[in-house]
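What the sequence shown shows, in mature numbering (1 follows the signal peptide of the UniProt record, and there is no 0), is residues -36 to -1, 1 to 363, in sequence order.
Cβ atoms here follow ideal geometry from the backbone N, Cα and C, with glycine treated the same way.
Bear in mind that the values here come from a model prediction, so they are computed numbers and not experimental data.
These notes concern the structure reproduced below.
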Amino acid sequence: MTFFSSLLINPTLFCITLMKKLVYGALALLPALAQAQAPTENFVVKGSVGAKANVTKAYLRYVNAQKWLVDSAAVKNGRFEFKGAVNEPGRATLILSHNGTSLAKSKDATKDFFLLEQGTITVSMPDSATKAVVRGTPLNDEKAKLAALLKSSDDRYEAYIKEYRAQPEATRKDPAYIKQLEAKLDPIEAEQKQIRTAYLKAHPDTRYSLFVLQDVGGSVPDVTSYAALYQGLSPSLRNSVRGKRIEEQITRLQKVAVGAVAPDFTQNTPDNVPVKLSSLRGKYVLIDFWASWCGPCRQENPNVVKAYNAFKDKGFTILGVSLDKEGAREAWMRAIEKDGLAWTQVSDLKFWNNAAAQEYGVQAIPQNFLLDPQGKIVATNLRGEELQNTLGKLLNKVN
């Protein structure tokens, strides 16, 4: 799966981030999969930042008990401190406010997630959160060791992303340019995956390996390789709270893997007419998870429209499933009309708690599943030309 087609989610602040390497596994197991527990990991985060940075406040973002939390602390004489508790070790990020900017406008965040766990965590930042050095607890120290192995590839990756951001908007949207960029990024991603995989195999009993496994899998894991890496971990890790959640995730993914019969579901159209997935059997069906608020989904819609128009009379249809929120029915309907989505659209308007999305393990959008006329999943996450090419091969056999 390419850089731009494996799009990842931060469910609180934005739909999908371009920087896959910065968010690749932060919520690969979304809080919806977590079991609420009493906090057991008491943490202290002690931060320092250079005086020239003119930082007035620091924000700490993290997940606990199935909720995103944001804490803030004043920065005095270049120092700040957070104290709290989490029910298990988890990822967090720091955002710095320069010259009194609000959280919403503050863009200076730690380059990568660090880990909240029992103990005192020190975060040193000379002038920016992007240059943070995190130390002091076992997980963060172990993370730093792997980061050193990844540094060379990270630097090359960052250089290409910087180049991308410097381009005019028209260039950034140009398919030819994106294809060229992917050709540069994909080998780096493969190299990083290889490094992480080697780490997993060398550290089957290290607690940090559970986080590395999530990073390797990303938000749309290949369930076969993901399950194999999971089985390579020690029994103690697999039986931990996070390990059990990964096992649940794998079980869920196996139910919607290629070759499985797609789980049936019923949701309503914008006019409140219930539609059952199995009622569409007899045709190839693309289940397309999207939302009106999701920019990359809207950018992909023209490709989906082309595929629909090319094959709608040849035994193919689409069932759009929107992850819009309650109260966003009008926005959903406007997006359907504006993007020219002529196929059946359904939703329960429950955002990330959409029942079908949860059943299909959807943690990133756009995401899709192609079913054959018998309801069996034959392909997943088809984008751009790949969608039309796949449909052409399948439907040419039929017709």
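So residue i and residue j are supposed to be a Cβ contact under 8 Å. How far apart are they, rounded?
i	j	result
I159	L114	6 Å
T215	L193	Not a contact, Cβ separation roughly 15 Å.
A22	L79	Contact flag wrong, Cβ pair sits at about 17 Å.
D312	Q231	5 Å
A328	S183	4 Å
Hey, how far is the Cα of residue i from the Cα of residue j?
i	j	result
W254	E146	23 Å
E52	L305	43 Å
K(-16)	Y272	Low per-residue confidence applies at K(-16): pLDDT is 33, beneath 50, and the placement is therefore not dependable enough to give any value.
N28	E45	19 Å
L346	I142	17 Å
T281	V249	5 Å
N18	Y172	34 Å
I251	F333	5 Å
D150	G325	25 Å
L60	T354	46 Å
L201	R43	36 Å
A73	M89	11 Å
E211	I341	22 Å
W257	K71	21 Å
E301	T233	14 Å
Is residue i buried or exposed, if buried means 16 or more other CB atoms sit within 10 Å of its CB?
i	result
K357	exposed
P330	buried
Q(-2)	In this predicted model, Q(-2) has a pLDDT of only 38, less than 50, meaning its place in the structure is not dependable; the value taken from the coordinates is given anyway. Classification for Q(-2): exposed.
P104	Contrary to the premise, residue 104 reads as Asn rather than Pro in this sequence. So N104 counts as buried.
E153	buried
Hey, could you find the ends of the alpha helix (DSSP H) residue i is sitting in?
i	result
N273	G259 to F275
residue 365	Residue 365 lies beyond the stretch modelled for the chain, which goes from -36 to 363, so this question has no answer here.
T281	Here T281 belongs to no alpha helix (DSSP H); instead the beta strand (DSSP E) covers F280 to S286.
V187	V187 to Q195
L145	P139 to A166
L103	P102 to R129
L201	P199 to R202
A68	A68 -> no alpha helix (DSSP H), and no H or E assigned at all.
T135	E133 to R136
Please list the terminal residues of the continuous beta strand (DSSP E) segment that includes residue i.
i	result
Y23	V19 to N28
I59	G54 to H62
D35	K31 to A38
T84	G83 to M89
G48	R43 to V50
G181	Counting along the chain, G181 falls outside any beta strand (DSSP E), though it belongs to the alpha helix (DSSP H) covering S173 to G181.
Any beta carbon from chain D within less than 8 Å of residue i's own beta carbon?
i	result
N353	The question asks about chain D, but that chain is absent: this structure has only one protein chain.
Whole beta strand (DSSP E) runs in the region 209 to 255 with 3 or more residues, listed along the chain?
230 to 232, 238 to 240 and 248 to 254
Can you list, in chain order, the stretches of the alpha helix (DSSP H) that have 4 or more residues and sit fully within the region 302 to 326?
319 to 323
In chain order, what are the residue ranges of uninterrupted beta strand (DSSP E) at least 3 long that sit wholly in the region 327 to 361?
331 to 335 and 341 to 344
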